Amino acid sequence: MNIVALAGGVGGAKLADGLQRVVGENLTVIVNTGDDFQLHDLYIAPDLDTVMYTLAGIANRANGWGIEGDTYNNLDMLSQYGGEDWFRLGDRDLATHLLRTQMLRGGYTLTQTTQHLARALNVRANILPMCNEAVATIVNTNAGELAFQEYFVHRRWQPVLKSYRFHGIEKARVTPEITNAFQNADALIFCPSNPFVSIEPILSVKGMRELIQKTRVPKIAVSPIVGGEALKGPAAKMFQELGMEASAYQVAKLLRGTVDRFVLDRIDEAQARSIKDLGMRVWVTDTVMRDEIGRERLAREISEWVTR
């Protein structure tokens, strides 16, 4: 079975890891790059790296991002010099950004660069950025307009969100590699990632929604909201500040017309009927992936549901 998954950072990476354990090299993960930014004159791609490190089996287990056992000698020295140290780049992690930046400046696309890095780490799945063009998620808050990592990491998502936009999205185009993956897909899976700043940037790339509509296979979304809360990150807070209830139903409502199946946690089973009324088939299960066993279990359940 060939699966195409759409993913953001930690939550999406967990399910992608489970799917890789189930279908191996038959998995393609399309990753949000709206979080990408420049720091220390380096091109940093937080979601791509989180997915890559997770699928390579080297991600930091405690927080889901960065590399397990990494050291911070470079960052400590930078801090001593008075340089910017709010975004924690580990010593091994730094090598990823150095080579990526070098390759991009040498004329390679972000897709080519990502594939090279993933192969070097023996990742079985095919990891693809959502586009090769530069796109930047900008959030409008009570503290003014902020680049996403400034809001998410530096400000710890404390400013109140008013709106958001994707700078440069009008120039972004679906890549041939993504088109090929969709043409060979047996299922599309929307991983449990933030619907506003992880999934929406991917869907906003020109040609992406049309490609999804043309792909006549089951399209399944897994709710990133469980019991009214996001397991990781600011999604629930964003729902509330944008005037919406933080619920699995609201996630399904945002994706109505894009997906035809929806997976929600047992704690939210009471919302199943409302989601079915949106025209979606519903699967209720334990969606909280506490460890690698949980990731593979959920991925296997979803993969088996595809064939029913």
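Okay, so the sequence shown: first residue is 45 according to the numbering used here, each after it adds one.
Glycine residues also receive a C-beta, built at the ideal position from the N, C-alpha and C atoms.
None of these values were measured; they are calculated from a predicted model.
Where Thr-331 is concerned, there is no enclosing beta strand (DSSP E), because DSSP gives it neither an H nor an E. Residues Gly-62, Arg-65 of the same chain have their beta carbon placed closer than 6 Å to that of Glu-340, with the five preceding and five following residues left out of the count. Remark: C-beta atoms of Val-303 and Glu-313 do not approach each other more closely than 8 Å. The continuous alpha helix (DSSP H) containing Phe-226 extends over residues 220-227. If only complete runs of 4 or more residues are kept, the region 139-216 shows the alpha helix (DSSP H) at 154-164, in order along the chain. Annotated as distal: Ala-187 and Asn-238, with beta-carbon spacing of 8 Å or more. Annotated as distal: Pro-268 and Met-174, with beta-carbon spacing of 8 Å or more. Residue environment for Asn-176: buried (at least 16 other C-beta atoms within 10 angstroms of its C-beta). If only complete runs of 4 or more residues are kept, the region 255-324 shows the alpha helix (DSSP H) at 279-285, 292-298, 316-320, in order along the chain.
Rounded to the nearest whole angstrom, the C-alpha separation of Gly-53 and Tyr-125 is 31 Å. In this structure the region 111-119 does not lie against the region 257-276, because fewer than three pairs of beta carbons, one per stretch, are closer than 8 Å. If you check the CB distance, Tyr-87 and Arg-144 come in under 8 Å. Its chain contains Thr-94, Val-95, Thr-98 as the residues whose beta carbon lies nearer than 6 Å to that of Ala-57, once the 5 sequence neighbours on both sides are disregarded; these appear in chain order.
Annotation for Leu-71: the continuous beta strand (DSSP E) segment containing it runs 71-75. Within the same chain, and ignoring the five residues on either side of Arg-209 in sequence, the residues whose Cβ sits closer than 7 Å to its Cβ are Ile-182. Inter-residue distance for Asn-76 and Asn-70 is about 20 Å (C-alpha atoms, whole angstroms).
Beta-bridge pairing by DSSP links Phe-81 to Ile-88. Around the beta carbon of Lys-215, a 10 Å sphere encloses fewer than 16 other beta carbons of the protein chains shown; the residue is thus reported as exposed. A direct Cα-to-Cα measurement between Arg-168 and Leu-161 gives close to 12 Å.
For Leu-322, the CB contacts under 7 Å within the same chain, skipping 5 residues up- and downstream, are Ala-296, Lys-297, Arg-300 in chain order. When DSSP states are grouped into helix, strand and coil, Leu-50 belongs to the strand group. Assignment of Phe-240 by DSSP, reduced to helix, strand and coil, places it in the helix class. Collapsing the DSSP output to three states places Ile-233 in a strand. Every unbroken stretch of the beta strand (DSSP E) spanning 3 or more residues and falling wholly within the region 85-130 is given here in chain order: 86-88.
Taken through DSSP and simplified to helix, strand or coil, Val-326 comes out as strand.
For Arg-341, the enclosing alpha helix (DSSP H) stretches over residues 336-350. Val-270 is positioned such that its CB atom lies closer than 8 Å to that of Ile-311.
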